[in-house]
Amino acid sequence: MTKVTNLTLPLYPGMPVGNVWAWDAPFRQESIVTLEDNGVRIDALSLHSETGTRLMMAATIDDNAPSIGQIDLHKFVNRDAVVIDIPKGAEEEIMPEDIDQFVVDDPDYKEGDIVLIRTGWGNGRRYEKMGDDYAIRTPHFSEAGSLRLTEVMKAKGSDTVAIDVAYVGSCGWKHMKKEWVDLPKWQRPPYPSETAKIYLKNYTKDKSWPDWAASWPLHAHGYIIAALCNLDQITRKRVKLTALPLFARDCIGAPVTVVAIED
């Protein structure tokens, strides 16, 4: 019997992932016409490229890397994935020793697998209970942990890591966390506010690269599928994973719908 598990964060106004950093344009949903007034309901939706569960690619940091419209989507259909548990709590980092302990010697990790990391952060609809803290206090990779996983994936011929943390690495620890996220909400109106635009104009590469240093090795190597949920509902060590992004042709990444299939 086939079991299909939806690993995708729902999109809804006020959702935490895509709602806290200065470049976040929060998910919005507004009725254009209504059943009561017009006899039909149609909604206007707005979001940015890293809202919710998302596919991130090298194009984030490389102008010459392919956009969503240039990648072969077959590479994300019915892919073999190995589930690897690396338990982590709020603000904890995935370190090189975690990769060595849980990934390197995993007997179920086969050549070319998607590495599906289960920290536990995406379980139990925690994103609804914690609000913005779900994104701000997420477990994440250390820079060294990210580099170590990249080395292991290269050796194994793996091009994709999928994980249930809200953000992959560093979380603006040096600049954006203190200069933006830690401010009262009324002092940090979301993009496209003038306040956010002014902040981002001054958030140059010398700030952004150390702030998110743990993300770049995995971006440069291949593909990242982040902010998964419900991984605790997977019962087997190996699954088939399908992850289809919103086909925003020229985008450098996009929200993605992800399902795990157990036979």
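For the sequence shown, my numbering begins at 548 and goes up steadily by one. Yeah, the Cβ is synthetic: ideal placement off N, Cα and C, and Gly gets one too. Computed from a predicted structure; not experimentally measured.
Exercise. Does DSSP put E577 in a helix, in a strand, or in coil?
Worked result: strand
Problem set entry | Cβ shell of P737 (< 8 Å), same chain only, five flanking positions each side left out | N566, D571, A572, P573, A743
Problem set entry | Nearest candidate by alpha-carbon position, reference G599, set C776, K784, V806, L788 | C776
Exercise. At a cut of 8 Å, does the stretch 784-794 reach the stretch 629-643 through at least three beta carbon pairs?
Worked result: yes
Problem set entry | T697 burial status per 10 Å Cβ neighbour count (16 or more: buried) | buried
For this session: Work out the CA separation of T666 and Y746 for me, nearest whole Å.
Result: 32 Å
Problem set entry | Collapsed DSSP secondary structure at H621 in the structure displayed | helix
Exercise. Could you give the distance in angstroms between the alpha-carbon of D645 and the alpha-carbon of G692?
Worked result: 8 Å
Exercise. Cβ atoms of V699 and S705: under 9 Å apart, would you say?
Worked result: yes
Exercise. Going straight from the alpha carbon of D647 to that of Y714, what length do you get?
Worked result: 22 Å
Problem set entry | DSSP three-state assignment for I646, whether helix, strand or coil | helix
For this session: State the Cα-Cα distance for the pair S578 and S593, rounded to the nearest angstrom.
Result: 12 Å
Exercise. On the three-state DSSP scale, how would you describe R695?
Worked result: helix
Exercise. With respect to the alpha helix (DSSP H) encompassing M677, which residues constitute its N-terminal and C-terminal limits?
Worked result: 673-677
Exercise. If P686 and E638 are in contact, beta carbons under 8 Å, what's the gap, nearest whole angstrom?
Worked result: 7 Å
For this session: Would you list the residues sitting across from A682 in a DSSP beta bridge?
Result: Partner(s): none; A682 has no beta bridge.
For this session: With distances taken Cα to Cα, identify the nearest neighbour of A605 among D779, K721, I781, T707.
Result: T707
Exercise. What are the boundary residues of the alpha helix (DSSP H) that A591 is part of?
Worked result: Careful: A591 lies outside any alpha helix (DSSP H), inside the beta strand (DSSP E) at 589-593.
Exercise. Taking the C-alpha atoms as reference points, what is the distance between V662 and A709?
Worked result: 6 Å
Exercise. Would you say E597 faces chain B, with C-beta separation under 9 Å as the test?
Worked result: Considering every chain present, this structure includes no chain B. It has just one protein chain.
Problem set entry | Residues near K550 in its chain [Cβ-Cβ closer than 6 Å; skip 5 each side] | E809
Problem set entry | Residues that DSSP places opposite D810 in a beta bridge | Answer is none; D810 lacks a bridge partner.
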